[in-house]
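Beneath this line is the structure, given in structure tokens, with notes to follow.
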Amino acid sequence: LMSSHFLDMLQGITTLKLFGRARDEIEIVARISDDYRKTTMAGVRIAFLTSAALEFFASLAIALVAVIFGVRLLHGRIDFYPAFLVLLLAPEYFVPLRGLSTHYHARMSAIAAARRIFEVLDAPVPAAAVAPLPPLPRGVAISCENLEFSYEGGEKVLDGLSCVFPAGRMTAVVGPSGAGKTTLARVLLGFIQPQGGHVRINGAAELGAVAVEGWWENLAWVPQNPRLFHGSIAANLRLGRPGADTDALRDAARKARALEFIEALPQGFETVIGDLGQGLSGGQIQRIALARAFLKDPKLLILDEATANLDLESEALVMDAIMDLAVGRTVIMIAHRLAMAERADSVVVLQAGRVAECGTPAQLRASGGLYAAMRNAGREGVEEISCAI
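Residues in the sequence shown are numbered consecutively from 2, following our numbering.
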């Protein structure tokens, strides 16, 4: 806890400085450090007491052995060398006990450190779905019927949401901040289960009733901040298809507009990058994530604000790659900029956890509804539109 909080503080030090909260965070770290000291010293105190007790009895036993053999030696009942040898070996008798004490305290420390992990591991999990997912065509149709979901202790994020994502088409999902866009994406990904309603695949299989692993095999997800792991670019790409050869990697990178900058790196595809894509720009990380999706060749592609926080040039490259990847497959795109939604086949507009309107971009522009209001507001992104619209 102390190390993670300290790391968070260091990563956000500039923000804390700008908002004048650095001193408050230092006090929090000091309090956490003091709690850590108290916990650590309690364990050290127990270890010290048990070790001291063990050493006392070990010393007492060795002294007793020395006295016994000394008396026998004085009375001529034992020779000097055997007595001396036994006296030398007596401390070794307690070595296993010292080892037991050390391992016992290490075990107690490990249990204390893992207590929070055990809470997660021991938490009850829902029974795994056993129905196999039927083979899916290249285009997957998804229908949502009266979806309801709320986070613990909060208001409903999805409130009777119903919509259809046609097979082989690109559908953009837009709406104000807090409208439920990301929650809907998490439901479609199978990360969370709706508390009401149904998600049907091709009008038949229900998402909550099939093995989620089989569902994941058919889709690819490109979030706003895709995760790249420490290792080579090739290893990160092969997460999409283990065992892919170099030609497949090059083809996927070319389609994702990433081949040029990858080949310009010192070791090309074997260039090692740091955690979270350290050493690459945001646009480069996003294009590698898209190349990974190209390599997997999914039947369903879910994009969660995949071009957020990118400059205009990077956004254009990423969007062109997305349009190529969308050909012949179902794409659900959580969009924060209307320019992205304008390139979709259809648009679903969310507001307060419900579908406010849906249709083609042209139809929604002409309807004069929420989508038109967003567009007329300057196309600066749906996140800036109040939920009160």
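Where is the CB? At the ideal position from N, CA and C, for every residue including glycine.
Exposure label - residue 8; buried when at least 16 CB within 10 Å
Stepping through the sequence shown from its first residue, residue 8 is reached at position 7. It counts as exposed.
| request: Under 8 Å by Cβ, that's how I've got residue 204 and residue 142 pegged, so tell me the actual separation to the nearest angstrom. | output: Counting from 1 along the sequence shown, the entry for residue 204 is found at position 203. Counting from 1 along the sequence shown, the entry for residue 142 is found at position 141. 7 Å between Cβ atoms; contact.
*Given that a residue counts as buried once 16 or more other Cβ atoms are within 10 Å of its Cβ, and exposed if not, what is residue 147?*
By one-based count along the sequence shown, residue 147 stands at place 146. Exposed, by the Cβ-count rule.
inquiry  = Any contact between the region 330-349 and the region 166-186? By contact I mean 3 or more CB pairs, one from each, below 8 Å.
reply    = yes
| request: Just grab the DSSP bridge partners of residue 201 for me. | output: Taking the sequence shown and counting its residues from 1, one reaches residue 201 at position 200. The partner list for residue 201 (beta bridge, DSSP) reads 144 and 207.
Exercise for review: Provide the residue(s) that pair with residue 300 in DSSP beta bridges, ordered along the chain.
Suggested key: Here residue 300 corresponds to residue number 299 of the sequence shown, with the count starting at 1. Note: residue 300 sits in no beta bridge, so no partner.
Taking the alpha carbon of residue 207 as the reference point, which residue from 161, 158, 145 and 151 has its own alpha carbon closest? Here residue 207 refers to the residue found at position 206 of the sequence shown. Out of 161, 158, 145 and 151, 145 has the C-alpha closest to the C-alpha of residue 207.
Less than 8 Å between C-beta atoms, sequence neighbours within five positions excluded: which residues of the same chain meet that for residue 329?
Taking the sequence shown and counting its residues from 1, one reaches residue 329 at position 328. For residue 329, same chain residues with a beta-carbon under 8 Å away, outside a window of 5 residues either side, are 139, 140 and 169 in chain order.
Runs of beta strand (DSSP E) wholly within the region 159-201 (minimum 3 residues, chain order): 171-175
Is residue 319 near residue 278, with beta carbons less than 8 Å apart? As a working note, residue 319 is residue 318 in the sequence shown. As a working note, residue 278 is residue 277 in the sequence shown. Taking 8 Å as the Cβ cut-off, residue 319 and residue 278 do not qualify as a contacting pair.
Element boundaries [beta strand (DSSP E), containing residue 358]:
Counting from 1 along the sequence shown, the entry for residue 358 is found at position 357. Start and end: 355-360.
Cα-Cα separation between residue 189 and residue 46, rounded to whole angstroms:
Your numbering for residue 189 matches position 188 in the sequence shown. Your numbering for residue 46 matches position 45 in the sequence shown. One C-alpha to the other measures close to 52 Å.
>> Taking only three categories from DSSP, how would you classify residue 61?
In response: The count along the sequence shown starts at 1 and reaches residue 61 at position 60. Residue 61 falls in the helix class under three-state DSSP.
*Counterpart residues of residue 305 in DSSP-defined beta bridges*: As a working mapping, residue 305 is identified with position 304 in the sequence shown. Note: residue 305 sits in a beta bridge opposite 335.
* Touching or not, the region 294-314 and the region 233-245, by the rule of three or more beta carbon pairs under 8 Å? -> yes
Three CB pairs or more closer than 8 Å across the region 255-271 and the region 191-200
no
Compare the C-alpha of residue 341 against each of 39, 103 and 322 and name the closest.
-> Here residue 341 corresponds to residue number 340 of the sequence shown, with the count starting at 1. If we check each option's Cα against that of residue 341, 322 comes out closest.
What residue from 304, 350 and 68 has the CA that sits closest to residue 227's CA?
Within the sequence shown, the letter at position 226 stands for residue 227. Just measuring C-alpha positions, the residue of 304, 350 and 68 sitting nearest residue 227 is 304.
- Query: From residue 130 to residue 34, what distance separates their C-alpha atoms?
  - Reply: Within the sequence shown, the letter at position 129 stands for residue 130. Within the sequence shown, the letter at position 33 stands for residue 34. Only weak support is given to the placement of residue 130: the predicted model assigns it a pLDDT of 49, under 50, and the value that follows is read from those uncertain coordinates. When rounded, the distance between both Cα atoms is 44 Å.
Between the Cα of residue 166 and those of 368, 365, 349 and 377, spot the shortest distance and give me the residue it belongs to. Here residue 166 corresponds to residue number 165 of the sequence shown, with the count starting at 1. Nearest of 368, 365, 349 and 377 to residue 166, Cα basis: 349.
### Query
Applying the criterion that 16 or more other CB atoms from any shown protein chain within 10 Å of the CB defines a buried residue, is residue 234 buried or exposed?
Position 233 of the sequence shown, counting from 1, holds the residue named residue 234. Under this definition residue 234 is a buried residue.
Backbone secondary structure at residue 156 - three-state DSSP = Sequence index remark: in the sequence shown, residue 156 carries index 155 (1-based). In the structure shown, residue 156 sits in coil (DSSP, three-state: anything other than H, G, I, E or B).
Exercise. Give the DSSP-derived three-state secondary structure of residue 149 in the structure shown.
Key: The residue you call residue 149 lines up with position 148 of the sequence shown. Residue 149 falls in the strand class under three-state DSSP.
Task: Spatial distance of residue 63 from residue 122 (CA atoms) - done: Reading the sequence shown from its first residue, position 62 is the one you call residue 63. Reading the sequence shown from its first residue, position 121 is the one you call residue 122. About 47 Å.
Counting C-beta neighbours from all protein chains within 10 Å, is the total for residue 93 16 or more, i.e. buried, or is it exposed?
As a working note, residue 93 is residue 92 in the sequence shown. That one is exposed.
### Message
Between which two residues does the beta strand (DSSP E) holding residue 347 run?
### Response
The count along the sequence shown starts at 1 and reaches residue 347 at position 346. Here the beta strand (DSSP E) through residue 347 covers 347-352.
Exposure label - residue 194; buried when at least 16 CB within 10 Å: Within the sequence shown, numbered from 1, the residue matching residue 194 stands at position 193. Exposed, since its Cβ has fewer than 16 Cβ neighbours within 10 Å.
Practice task
Could you check how far apart the C-beta atoms of residue 292 and residue 254 are, in whole angstroms? I think they sit under 8 Å.
Solution key: Taking the first residue of the sequence shown as position 1, residue 292 is located at position 291. Taking the first residue of the sequence shown as position 1, residue 254 is located at position 253. Sure, about 5 Å apart at Cβ, within 8 Å.
| By the 10 Å Cβ neighbour count, where 16 or more other Cβ atoms means buried, how is residue 316 classified, buried or exposed? | Sequence index remark: in the sequence shown, residue 316 carries index 315 (1-based). When all chains shown are included, residue 316 counts as buried.
Q. Between the C-alpha atoms of residue 83 and residue 53, what's the straight-line distance to the nearest angstrom?
A. By one-based count along the sequence shown, residue 83 stands at place 82. By one-based count along the sequence shown, residue 53 stands at place 52. Between residue 83 and residue 53, the C-alpha separation is close to 30 Å.
>> Quick check on residue 98: buried or exposed, where buried means 16 or more other Cβ atoms within 10 Å of its Cβ?
In response: Within the sequence shown, residue 98 is the residue found at index 97, counting from 1. Exposed.
**Asked** Is DSSP giving residue 286 helix, strand or coil here?
**Response** The sequence position of residue 286 within the sequence shown is 285, counting from 1. Helix, per DSSP.
Residue interval of the beta strand (DSSP E) (run including residue 213)
For the purposes of this step, residue 213 is taken as the residue at position 212 of the sequence shown. Taken as a continuous stretch (DSSP letters only), residue 213 belongs to no beta strand (DSSP E), being part of the alpha helix (DSSP H) at 213-217.
Run of the alpha helix (DSSP H) containing residue 236, from where it starts to where it stops
Against the sequence shown, residue 236 aligns to sequence position 235. Residue 236 -> alpha helix (DSSP H) spans 234-238.
Residue 369 versus residue 177 - alpha carbon distance: Within the sequence shown, residue 369 is the residue found at index 368, counting from 1. Within the sequence shown, residue 177 is the residue found at index 176, counting from 1. Distance between the alpha carbons of residue 369 and residue 177: 16 Å.
If the criterion is Cβ atoms closer than 8 Å, does the pair residue 300 and residue 219 meet it? Indexing the sequence shown from 1 puts residue 300 at position 299. Indexing the sequence shown from 1 puts residue 219 at position 218. Closer than 8 Å, so yes.
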